[in-house]
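Okay, so here's the structure we're looking at.
Numbering (this note's numbering), first residue to last: 81 to 200.
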């Protein structure tokens, strides 16, 4: 019998095996380290945590214990922390500048999406 942990992920309550909880906690800590401690980074971490909760809700039924078999594909779907953040743009072509869409928390009309589109 495995040890279980009750945890709140993205505002939802889940029962996880201890190994699945450790995997998720390590993943979220790596994301926090990669993104930093500013307000925008914290908002991004909260969005990732909420997305994890949505995916977990889709994959399990009420009362089911979350295992590593459920957690690992979700982490793969969201992506590795090394892929997050801004790249250094060293593609060899100095004239090419990649444009990216971002949510703009300062112009927060429809959660900053409209402000981000305007800035783009």
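All C-beta atoms, glycine included, are put in the ideal place defined by N, C-alpha and C.
Handout entry: According to DSSP, residues forming a beta bridge with residue 137
Key = Paired residues: none, contrary to the question.
Handout entry: Presumed contact (8 Å Cβ cut-off) between residue 161 and residue 111, rounded CB distance
Key = Yes, residue 161 and residue 111 are in contact; Cβ-Cβ is about 5 Å, under 8 Å.
Practice task
Determine the DSSP secondary structure at residue 82, reduced to helix, strand or coil.
Solution key: Residue 82 carries a coil assignment under DSSP once its states are collapsed to helix, strand and coil.
Practice task
Provide the residue span of the beta strand (DSSP E) that contains residue 96, from first to last.
Solution key: Here the beta strand (DSSP E) through residue 96 covers 92 to 97.
Problem - Backbone secondary structure at residue 146 - three-state DSSP - result: The answer is strand: DSSP assigns residue 146 an E or B state.
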